[in-house]
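Asker:
4 protein chains.
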Amino acid sequence: MKRIGILTSGGDAPGMNAAIRAVTKTAISNGLEVFGIRYGFAGLVAGDFVALTAEDVDHKISQGGTFLYSARYPEFAQEEVQKKGAEQLRSHGIDAVIVIGGDGSYHGALALTRLGINSIGLPGTIDNDIPYTDYTIGFSSACRTAMDAIDKIRDTAASHHRVFIVNVMGRECGDIAMRVGVATGADAIVIPERPYDIKEIAETLKRHFADGKDNGIIVLAEGVMSADKFKDELLKYGDFDARANVLAHMQRGGSPTVTDRVNATKMGNYAVKLLLDGKGGLAVGIENSKLATHDILDLFDGKHQGDYALLDINKEMNK
Amino acid sequence: MKRIGILTSGGDAPGMNAAIRAVTKTAISNGLEVFGIRYGFAGLVAGDFVALTAEDVDHKISQGGTFLYSARYPEFAQEEVQKKGAEQLRSHGIDAVIVIGGDGSYHGALALTRLGINSIGLPGTIDNDIPYTDYTIGFSSACRTAMDAIDKIRDTAASHHRVFIVNVMGRECGDIAMRVGVATGADAIVIPERPYDIKEIAETLKRHFADGKDNGIIVLAEGVMSADKFKDELLKYGDFDARANVLAHMQRGGSPTVTDRVNATKMGNYAVKLLLDGKGGLAVGIENSKLATHDILDLFDGKHQGDYALLDINKEMNK
Amino acid sequence: MKRIGILTSGGDAPGMNAAIRAVTKTAISNGLEVFGIRYGFAGLVAGDFVALTAEDVDHKISQGGTFLYSARYPEFAQEEVQKKGAEQLRSHGIDAVIVIGGDGSYHGALALTRLGINSIGLPGTIDNDIPYTDYTIGFSSACRTAMDAIDKIRDTAASHHRVFIVNVMGRECGDIAMRVGVATGADAIVIPERPYDIKEIAETLKRHFADGKDNGIIVLAEGVMSADKFKDELLKYGDFDARANVLAHMQRGGSPTVTDRVNATKMGNYAVKLLLDGKGGLAVGIENSKLATHDILDLFDGKHQGDYALLDINKEMNK
Amino acid sequence: MKRIGILTSGGDAPGMNAAIRAVTKTAISNGLEVFGIRYGFAGLVAGDFVALTAEDVDHKISQGGTFLYSARYPEFAQEEVQKKGAEQLRSHGIDAVIVIGGDGSYHGALALTRLGINSIGLPGTIDNDIPYTDYTIGFSSACRTAMDAIDKIRDTAASHHRVFIVNVMGRECGDIAMRVGVATGADAIVIPERPYDIKEIAETLKRHFADGKDNGIIVLAEGVMSADKFKDELLKYGDFDARANVLAHMQRGGSPTVTDRVNATKMGNYAVKLLLDGKGGLAVGIENSKLATHDILDLFDGKHQGDYALLDINKEMNK
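Chains as they are written, first to last, in UniProt numbering: chain A, 1 to 319; chain B, 1 to 319; chain C, 1 to 319; chain D, 1 to 319.
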């Protein structure tokens with residue numbers, strides 16, 4: 001192995017650049033050449049490759065987004081397109097690839113491995129919805145951004161004794177909502193994986209206001225329903241001065257947190273070593289604070305387990 | 001004069017607490033007693049007064065919101081209600097009042113002054129829409145929060161070559177939009193006070209992408225139209241990967257900036273001195289970097305002048 | 001058990017307030033009364049107790065420091081002083097105590113338990129130097145603050161092609177240095193637990209500058225030597241434009257991170273449950289991402305294990 | 001005029017990149033070519049020029065430091081070196097230059113103008129010590145960084161009832177100290193331009209602690225004396241638990257504030273227009289919130305006037 005490629009795929013996430021940096025610097029230290037593949041699998045098939053030096057990535061660790069860009073490319077599900085991609089890599093002398101991204105990225109990495117290009121997948125998505133890893137790259141930063149926003153929202157909620165329903169990202173995964181809800185002391189946390197009772201939430205808010213609390217915060221994962229709809233439902237059970245708030249895309253950006261930078265660096269470094277060991281078709285994760293690998297195939301059957309105890313703790317404290 | 005009151009009215013804004021602190025500490029230094037009036041004019045009429053010491057306000061300078069709370073209270077437009085308020089103050093020995101807030105606050109301050117309670121108005125609103133002042137308390141912090149959010153949004157815009165239409169606060173006043181638009185290098189800034197041409201904006205974006213720019217940001221004051229509607233209009237003139245984003249209430253919160261803390265402190269300090277001089281019915285502002293006062297009556301006829309040159313500069317740079 | 005006390009001891013750390021909040025709200029939900037003990041063990045002996053309600057702690061989760069205050073009190077090593085403390089608790093009807101702090105706190109908690117007051121210790125210190133826990137309360141926030149500062153320092157380092165030796169906290173424990181060093185892409189990380197070679201570090205910096213890098217960052221744990229001394233040593237091996245920088249006490253403050261708030265909440269909640277189960281003399285920690293307990297006695301023999309692999313990864317990437 | 005150059009000189013400051021961006025984009029919009037001159041006047045003499053496009057500067061507005069780099073170059077005081085510089089510019093077809101920096105930069109800009117290369121100076125320094133401008137580029141960001149640090153320091157000060165003497169930048173100019181001191185509610189502000197009385201400061205602190213205040217903050221401009229020395233002096237007048245703290249170089253970095261970005265953009269834009277009007281030898285500033293110009297020669301005799309009323313306000317509030 002002389003030359004490896006790296007690409008980012010799917011939605012961008014803070015820490016992707018830190019991972020690209022770690023891959024680049026580790027590979028160069030081990031005598032490899034590194035090519036950045038721009039625009040994900042689309043760029044892979046198109047041959048949009050740029051050589052990366054250690055200096056190219058020097059200032060990237062602190063920058064959000066992905067400087068290699070990302071792009072939707074459903075065409076890569078087709079075998080002939082995958083083959084074209086593998087040929088592009090071979091014709092550029094690229095022997096192996098590291099893919100950073102969400103669900104779809106793993107399918108691409110597995111396809112390339114089967115075509116003889118060893119590929120390793122790194123979990124890069126703010127949603128934290130990848131099986132067999134406790135942390136995805138970007139999850140920590142998204143939680144930080146959402147928490148900072150809700151801290152600000154609480155200021156205005158308290159000034160006016162209002163209730164805010166704050167929609168955070170997470171279509172099928174309530175991890176951001178749970179962690180941010182606990183971190184902001186939310187009165188209630190609502191996620192798609194668990195039942196909830198709007199009437200009970202309304203009762204909690206009423207009790208809190210009666211006890212002298214000056215604000216109400218409900219953290220709602222976007223996958224449950226819209227914040228506006230939730231507000232309408234809530235108002236059936238109480239006469240609150242309520243507002244709906246959608247944090248949206250800012251959760252995807254910003255300089256990554258310590259956790260995302262460190263996790264991205266550890267996983268990027270590890271991925272290169274796996275390639276040097278001749279491995280491919282593997283997904284890297286962090287389980288119980290330790291680096292771990294699984295066959296990519298296992299991920300397709302697996303299901304991410306959130307830290308649902310956070311829900312119980314939050315409920316208990318708001319009794 | 002032995003005892004003064006202070007209240008916050010209308011929408012809360014970062015720096016209100018810094019102003020309350022400055023009023024309290026200045027007044028105490030000058031031998032006065034200070035009472036916080038909670039919940040704005042509603043609390044004034046209800047007699048919801050709390051004595052304030054220097055220690056009570058010690059940690060408040062860095063906190064967003066208003067710890068005296070605010071409340072809507074349109075009833076204060078009625079003369080009999082105003083009289084009840086003046087009586088409450090007199091029965092508590094409160095000789096003068098400082099009111100921090102937006103438009104409505106000035107009407108209340110003038111009414112009290114006419115009823116013999118000297119009152120001074122301080123401009124407290126994130127919108128910066130008060131006549132005869134270049135800066136309102138909260139405007140700087142709101143701009144900071146909006147800029148930070150758009151910096152993050154740009155990360156994800158660039159990763160995917162997207163256009164974001166970002167709705168910032170400002171119903172009738174484009175000051176936040178102009179300042180934040182320039183500070184984030186927006187491709188276009190759209191405000192209610194000036195005409196705009198969506199087709200021209202679309203052409204600018206196209207030219208930028210053609211030149212190699214990897215993102216598009218349009219900063220839209222909420223008073224113009226919704227971000228969703230603007231997006232729909234924009235897509236008539238170009239095939240952009242566009243997203244609408246509403247920053248909403250977080251712009252009202254957060255620890256105040258240096259500018260808001262310093263302006264709030266200067267104005268709060270000055271307001272007490274005006275009262276000590278026997279003045280009332282005045283609005284304090286900062287004009288051309290200097291403390292200034294105007295009769296509150298003048299404000300009702302006046303119109304805030306934004307720094308519209310920012311629009312021209314931004315347009316020129318995006319030609 | 002009807003009434004529990006809570007105190008903070010030793011150096012303050014961001015997240016202590018979040019832990020106090022979690023203890024208070026969990027205890028109240030379980031029918032207990034909670035008393036805050038001010039000024040650590042000094043206040044315990046003096047009987048400086050304040051009743052805490054859920055509303056008292058409502059806004060505390062986002063605030064740095066400890067609102068119960070802390071104080072040095074070596075006198076609590078004496079048995080008669082410990083007995084006086086236990087009596088104070090009993091005379092106030094306090095049956096059990098939760099202690100948040102560093103090393104010294106555990107000795108106090110154990111002493112109280114032996115005197116019949118069940119006590120639980122929570123790890124509260126930015127240094128992360130407590131055995132049997134991967135995270136102490138405050139460690140994450142201190143890393144965040146140090147990283148943010150170094151990100152800023154890098155801006156000026158790069159503008160002038162300078163080398164900065166940045167002293168971060170950690171007398172005997174290099175955890176902050178390692179995590180922050182990796183997160184900022186430091187050229188070298190120097191900690192007290194591992195050997196280092198200043199000449200080798202100088203060679204790394206020279207190679208980096210020769211390759212076109214525009215800045216050099218060395219993250220130095222304070223326990224190794226002063227940044228000034230390190231700079232002098234470094235200059236023996238190379239003609240760098242070098243500056244020494246000490247981040248100091250700001251690392252102790254600031255609004256806690258998501259991680260510190262969530263960890264503090266989980267551990268505070270858990271500590272109350274342990275007391276409800278009749279337990280005492282235990283230290284709570286987080287091991288491999290899970291809540292764990294150990295006899296406090298074990299901690300005195302134990303030694304915190306840092307994630308020293310971070311050093312190797314950083315070295316490998318800077319080869 | 002077909003082609004202009006731009007350079008940054010002296011200590012770097014947040015907002016310099018925003019100014020470079022504004023110059024570049026304005027110049028290109030007006031049909032000019034722009035060359036970045038790297039490493040200040042040293043690079044000017046060496047001919048280290050790089051063509052700049054609008055896309056090159058697209059992401060720079062939010063980045064601290066100066067991507068054109070800066071360097072000390074006292075040799076530029078010599079006439080023959082200045083002539084060599086002018087020749088370099090001419091041989092590259094560069095007709096005019098914009099210089100961003102502190103004191104020294106103006107001497108260079110004037111020298112070039114006298115040699116027939118119209119040059120305009122922009123005030124770029126965090127110290128705010130340039131005559132005839134209320135704001136220098138970088139001043140606002142430095143104040144923000146210092147304030148954020150002191151907010152954190154206050155957390156730990158309060159937890160332990162400590163006094164912190166915080167050294168902020170400003171050798172001969174107390175502007176950062178005054179603004180940050182007011183913004184953090186400092187007990188005392190000490191600057192080089194005004195007398196101070198350490199005994200009186202000690203009395204203030206004692207009175208505050210006696211009244212129940214839980215912390216003490218003294219903001220000290222570095223030009224007065226070291227924080228350590230100040231601490232020693234202070235301890236002669238009172239038995240405080242005091243700590244000295246030096247914020248140092250982080251004040252030079254970080255993403256610029258709204259104010260610095262907007263001021264830098266306005267001044268950069270204006271400087272190009274002055275060149276288009278055939279002007280040279282001018283210094284651009286912001287006076288009373290308006291763009292203004294002065295002959296560079298005037299600056300050498302002028303003296304920056306700080307907002308010393310801030311000192312009086314702070315003293316009055318701490319009586």
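Where a beta carbon is used, it is the ideal one built from N, C-alpha and C, also for glycine.
With 8 Å as the threshold, decide whether the Cβ of residue 242 of chain C is near any Cβ in chain A.
Answerer: Not one chain A Cβ lies under 8 Å of residue 242 of chain C.
Asker: Which residues mark the beginning and the end of the beta strand (DSSP E) in which residue 224 of chain B is found?
Answerer: Where residue 224 of chain B is concerned, there is no enclosing beta strand (DSSP E), given that its DSSP letter is neither H nor E.
Asker: Residues of the region 195-226 of chain A in Cβ contact with chain C at a cutoff of 7 Å, in chain order, please.
Answerer: Per Cβ criterion, the list reads 211, 212 and 213.
Asker: Please determine if the region 68-83 of chain A and the region 105-112 of chain A are in contact, where contact requires at least 3 C-beta pairs separated by less than 8 Å.
Answerer: They touch, by the three-pair rule.
Asker: Cβ atoms of residue 275 of chain C and residue 118 of chain C: under 8 Å apart, would you say?
Answerer: Contact: yes.
Asker: I want to know whether the region 229-239 of chain D touches the region 190-205 of chain D - three or more CB-CB distances under 8 Å.
Answerer: In short, these stretches touch, since the Cβ pair count reaches three.
Asker: Once DSSP output is grouped into helix, strand and coil, what is the label at residue 188 of chain C?
Answerer: Three-state result, residue 188 of chain C: strand.
Asker: Going by DSSP in three states, residue 71 of chain B sits in which element: helix, strand or coil?
Answerer: Note: residue 71 of chain B maps to coil in three-state DSSP.
Asker: Please tell me whether residue 309 of chain A and residue 299 of chain A are closer than 8 Å, where the distance is taken between their beta carbons.
Answerer: Result no, Cβ atoms of residue 309 of chain A and residue 299 of chain A do not sit closer than 8 Å.
Asker: Would you call the region 173-191 of chain A and the region 213-233 of chain A touching, i.e. three or more CB-CB distances under 8 Å?
Answerer: Output reads yes: the region 213-233 of chain A touches the region 173-191 of chain A.
Asker: What is the rounded straight-line gap between the Cα of residue 89 of chain A and the Cα of residue 55 of chain D?
Answerer: So the two alpha carbons sit approximately 29 Å from each other.
Asker: Can you tell me which residues form a DSSP beta bridge with residue 281 of chain A?
Answerer: Answer is none; residue 281 of chain A lacks a bridge partner.
Asker: Name the two residues that bound the continuous beta strand (DSSP E) containing residue 120 of chain B.
Answerer: Unbroken beta strand (DSSP E) run through residue 120 of chain B: 118-123.
Asker: For the beta strand (DSSP E) that contains residue 240 of chain B, what are its first and last residues?
Answerer: First-last for residue 240 of chain B: undefined, no H or E at that position.
Asker: Taking Cβ-Cβ distances shorter than 7 Å, what residues in chain B pair up with residue 55 of chain D?
Answerer: Those within 7 Å of residue 55 of chain D in chain B are 211, 212 and 213.
Asker: What first and last residue would you give for the alpha helix (DSSP H) that runs through residue 206 of chain D?
Answerer: Where residue 206 of chain D is concerned, the enclosing alpha helix (DSSP H) stretches over 198-210.
Asker: Say whether chain B places a C-beta atom closer than 8 Å to the C-beta of residue 33 of chain D.
Answerer: Cβ-Cβ to chain B under 8 Å: no for residue 33 of chain D.
Asker: Helix or strand or just coil, what does DSSP make of residue 252 of chain A?
Answerer: Residue 252 of chain A falls in the helix class under three-state DSSP.
Asker: Can the beta-carbon of residue 31 of chain B be found less than 8 Å from the beta-carbon of residue 37 of chain B?
Answerer: The answer is no: Cβ separation not under 8 Å.
Asker: Figure out for me which residue from D/124, D/9, D/205 and D/72 has the closest Cα to the Cα of residue 238 of chain D.
Answerer: The shortest C-alpha separation from residue 238 of chain D is found at D/205.
Asker: Along the chain, where does the alpha helix (DSSP H) containing residue 258 of chain D start, and where does it finish?
Answerer: Unbroken alpha helix (DSSP H) run through residue 258 of chain D: 258-276.
Asker: Look at the alpha carbon of residue 21 of chain A and the alpha carbon of residue 248 of chain A, and state the distance between them as a whole number of angstroms.
Answerer: Going by the C-alpha atoms only, they are around 27 Å apart.
Asker: Helix, strand or coil, according to DSSP, for residue 5 of chain C in the structure here?
Answerer: Residue state, collapsed to three classes: strand.
Asker: Can you find a C-beta in chain A that's less than 8 Å from the C-beta of residue 257 of chain C?
Answerer: Closer than 8 Å to some Cβ of chain A, the Cβ of residue 257 of chain C qualifies, so yes.
Asker: Please report the residue range of the beta strand (DSSP E) in which residue 57 of chain B lies.
Answerer: Here residue 57 of chain B belongs to no beta strand (DSSP E), and DSSP marks it neither H nor E.
Asker: Starting from the beta carbon of residue 230 of chain C, find every residue of chain D whose beta carbon is closer than 9 Å, and list them in chain order.
Answerer: Residues of chain D passing the Cβ test: none, with the nearest at roughly 15 Å.
Asker: If we call anything under 8 Å between Cβ atoms a contact, is residue 53 of chain D one with residue 12 of chain D?
Answerer: Result no, Cβ atoms of residue 53 of chain D and residue 12 of chain D do not sit closer than 8 Å.
Asker: Could you tell me the distance, in whole angstroms, from the CA atom of residue 164 of chain B to the CA atom of residue 10 of chain A?
Answerer: Each residue's Cα considered, the two are about 18 Å apart.
Asker: Whose C-alpha, out of D/168, D/26 and D/40, is nearest the C-alpha of residue 244 of chain D?
Answerer: Ranking D/168, D/26 and D/40 by Cα distance to residue 244 of chain D puts D/168 first.
Asker: Relative to the C-alpha of residue 125 of chain A, which candidate in A/313, A/186, A/312 and A/17 has its C-alpha closest?
Answerer: Out of A/313, A/186, A/312 and A/17, A/17 has the C-alpha closest to the C-alpha of residue 125 of chain A.
Asker: With 16 other CB atoms within 10 Å as the buried threshold, where does residue 152 of chain B fall?
Answerer: Per the 10 Å Cβ criterion, buried.
Asker: Whole angstroms are fine: how far does the CA of residue 186 of chain B sit from the CA of residue 246 of chain D?
Answerer: Distance between the alpha carbons of residue 246 of chain D and residue 186 of chain B: 37 Å.
Asker: What does a CB cutoff of less than 8 Å around residue 162 of chain C pick up in its chain, not counting 5 residues either side in sequence?
Answerer: Contacts found: 156, 215, 216, 240, 241, 242 and 243.
Asker: So within the region 85-158 of chain A, which uninterrupted beta strand (DSSP E) runs reach at least 3 residues, ignoring any that extend past its ends?
Answerer: Qualifying beta strand (DSSP E) stretches, in chain order: 96-101 and 118-123.
Asker: For residue 223 of chain A, collect the residues of the same chain with a Cβ closer than 7 Å to its Cβ; drop the 5 residues on either side in sequence, then sort them by chain order.
Answerer: Cβ neighbours of residue 223 of chain A beyond the five flanking positions: 170, 171, 172 and 192.
Asker: Closer than 8 Å, CB to CB, is residue 153 of chain A near chain C or not?
Answerer: Cβ-Cβ to chain C under 8 Å: no for residue 153 of chain A.
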